[in-house]
């Protein structure tokens, strides 16, 4: 077990420093993204200063759309330090997924915009193109 230092933090201090919350930290520990910290003599978890950096890394990767499994891979690659090609491969796979999701969103937007244009917004719901489109049975 690592020796505790004066710069080690409680889980609350770590949460504040990393802009996270305590439950998220515990969740990341359970998922293996954050190694379990050593405990002080009174049994409290004491996180090293690098834990805040690791949490910020996780949060930034999440904002780019990486899954927790992919973030785990990125953390492993960061620690190994010798395989930039694998990092790029993960980023490219994430980009491809985002491009597909954006294309799906654009199709949904176009369909809804078309329905919006066709609906007068006046009168009863009967005959409303939006309701009719949602009520339609589709065949594959």
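In the working numbering, the protein residues as written are 11 to 150.
Every residue, glycine too, gets a C-beta built ideally from N, C-alpha and C.
On a predicted model such as this, the values are computed, not experimentally measured, just so you know.
Beta-carbon proximity of residue i to residue j, cut-off 7 Å
i, j, result
"residue 36", "residue 47", "no"
"residue 87", "residue 97", "yes"
Separation of residue j from residue i, as counted between CA atoms
i, j, result
"residue 25", "residue 33", "9 Å"
"residue 103", "residue 144", "33 Å"
"residue 19", "residue 78", "24 Å"
"residue 94", "residue 80", "15 Å"
"residue 31", "residue 64", "14 Å"
"residue 133", "residue 122", "20 Å"
"residue 70", "residue 42", "17 Å"
"residue 54", "residue 22", "11 Å"
Close-in-space but distant-in-sequence residues of the same chain around residue i (CB under 6 Å, 5 per side omitted)
i, result
"residue 61", "24"
"residue 66", "28"
"residue 38", "44"
Residues that DSSP places opposite residue i in a beta bridge
i, result
"residue 57", "19"
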